[in-house]
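As structure tokens, the structure follows; a few thoughts come after it.
In the working numbering, the protein residues as written are 65 to 375.
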């Protein structure tokens with residue numbers, strides 16, 4: 065019973081501390097299912113002296129030195145930028161950006177290249193320390209023959225970070241209490257209950273620490289995405305719609321070559337089909353000559369005179 069009383073009071077203190085944060089920390093089902101008698105909830109006279117102060121601290125608002133600072137000494141802002149530029153040589157500009165990012169203490173995140181030769185384009189994303197953000201952006205603009213677009217962005221995560229600090233402090237205090245209770249547990253069941261609660265609290269602590277680390281890293285390093293395009297070729301001096309003799313000559317020559325190719329193709333076809341068309345031609349010639357002879361013979365034969373009646 066003594067362990068259960070201690071467990072109930074510790075859980076009550078942890079719940080009230082967690083309620084002070086902006087986001088509610090959910091307790092494990094095993095802890096929430098524990099019931100606290102009214103007499104024990106109203107007084108802690110039966111508990112050890114150390115736990116009496118414990119419960120009193122749980123009902124008292126945190127002191128100014130324990131509460132998170134409402135005004136951060138330094139704002140945490142995640143800076144981002146996107147810029148599109150035109151350069152004379154895309155590979156040279158890409159190499160310059162890579163080298164400059166390393167010089168400023170940053171690194172390249174990704175590079176995507178499309179096309180080749182004079183039509184090559186590249187998109188490079190890199191990160192630099194936040195205090196070098198303006199210098200890095202100015203260096204990229206310095207490589208450009210023309211800046212096509214430029215956009216800056218920032219996300220203030222100070223409030224979220226301060227809130228996470230408060231939650232982390234409360235969870236660490238709860239963890240310390242549970243560790244103390246675990247060392248004093250006399251029964252295996254009590255030790256298992258406390259250990260389950262300790263595991264859940266430790267998991268929440270690690271999640272918050274991971275999120276805080278991510279926010280710190282994001283605010284410490286700014287992200288810049290540069291889209292690099294080649295400078296388009298200058299317009300032609302002579303308009304394509306105007307009269308151009310050389311183009312006309314090339315077209316005429318191409319037509320002549322095409323006509324010669326057509327004649328050659330026709331000759332090849334006739335040569336291959338010679339047995340067929342020659343046989344047909346000879347047959348037609350023989351038929352024509354025979355018909356002509358018959359017609360000529362019929363036209364040269366004299367007609368017989370008519371015979372009269374005898375008297």
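We treat Cβ as the ideally placed atom computed from N, Cα and C, and that holds for glycine.
For residue i, the residue or residues it bridges with in DSSP
i, result
"residue 216", "145"
"residue 229", "Answer is none; residue 229 lacks a bridge partner."
"residue 138", "Per DSSP, none; premise fails for residue 138."
"residue 151", "294"
Contact under 8 angstroms by Cβ, residue i with residue j
i, j, result
"residue 199", "residue 149", "no"
"residue 288", "residue 192", "yes"
"residue 179", "residue 187", "no"
"residue 228", "residue 275", "yes"
"residue 147", "residue 211", "yes"
"residue 295", "residue 163", "no"
"residue 196", "residue 169", "yes"
"residue 173", "residue 158", "no"
Supposed contact pair residue j and residue i - C-beta distance, whole angstroms, cut 8 angstroms
i, j, result
"residue 232", "residue 269", "7 angstroms"
"residue 242", "residue 258", "6 angstroms"
"residue 224", "residue 279", "7 angstroms"
"residue 141", "residue 290", "That belief does not hold up - the Cβ atoms of residue 141 and residue 290 are roughly 21 angstroms apart, past 8 angstroms."
"residue 139", "residue 250", "The Cβ separation is near 51 angstroms, so there is no contact."
"residue 145", "residue 215", "7 angstroms"
Cβ neighbour criterion (16 or more within 10 Å) applied to residue i
i, result
"residue 310", "exposed"
"residue 161", "buried"
"residue 190", "buried"
"residue 230", "buried"
"residue 321", "exposed"
"residue 127", "The predicted model places residue 127 with a pLDDT of 42, which falls under 50 and marks its position as unreliable, so this point remains unresolved."
"residue 362", "exposed"
"residue 143", "buried"
"residue 281", "exposed"
"residue 238", "buried"
"residue 264", "buried"
"residue 348", "exposed"
"residue 359", "exposed"
"residue 204", "buried"
"residue 333", "exposed"
"residue 317", "exposed"
"residue 154", "buried"
"residue 201", "buried"
"residue 261", "buried"
"residue 357", "exposed"
Residue i: CB within 7 angstroms of a non-hydrogen atom of the ligand HEM
i, result
"residue 290", "Because no ligand of any kind appears in the structure shown, any question about the ligand HEM cannot be addressed here."
Quick check for students: name the residue ranges of the alpha helix (DSSP H) that lie wholly in the region 314-361, counting only runs of 4 or more. none
Within the region 167-215, note down every full beta strand (DSSP E) run reaching 3 residues or more, in order along the chain.
171-178, 185-193
### Message
Report the start-end ranges of each beta strand (DSSP E) in the region 258-303 that is 3 residues or longer and not cut off at the edges.
### Response
285-294
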